[in-house]
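Enquirer:
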Amino acid sequence: MHANSLVKQLLDVKGVIVNDIFISKDEIVVDVKLARSKLAYPPCC
Numbered sequence: 911m912h913a914n915s916l917v918k919q920l921l922d923v924k925g926v927i928v929n930d931i932f933i934s935k936d937e938i939v940v941d942v943k944l945a946r947s948k949l950a951y952p953p954c955c
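Count along the sequence shown from 1, add 910, and you get the number used in our numbering.
1. Could you tell me whether the Cβ atoms of Val942 and Val928 are closer together than 8 Å?
2. Which residues bound the beta strand (DSSP E) around Asp941?
3. Whole angstroms are fine: how far does the CA of Asp936 sit from the CA of His912?
Spelled out as structure tokens, the structure:
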């Protein structure tokens, strides 16, 4: 089961890293973190 790739397709964000997916009877919890973004860290002068 390729749950990570499925979640990435649903989020449609390349900079998201899926750490873990917890599936319980009532809900699905996806533990994600944002990959390092060049926009978030502008180059220093």
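Note that beta-carbon positions come from the ideal geometry of N, C-alpha and C, so glycine has one too.
Expert: According to the data block:
1. As a position in the sequence shown, residue 942 is number 32, starting the count at 1. As a position in the sequence shown, residue 928 is number 18, starting the count at 1. Contact flag set, yes.
2. Taking the sequence shown and counting its residues from 1, one reaches residue 941 at position 31. Counting along the chain, the beta strand (DSSP E) containing Asp941 begins and ends at 938-944.
3. Locating residue 912 in the sequence shown gives position 2, where the first residue counts as 1. Locating residue 936 in the sequence shown gives position 26, where the first residue counts as 1. Near 21 Å, if we compare the C-alpha coordinates of Asp936 and His912.
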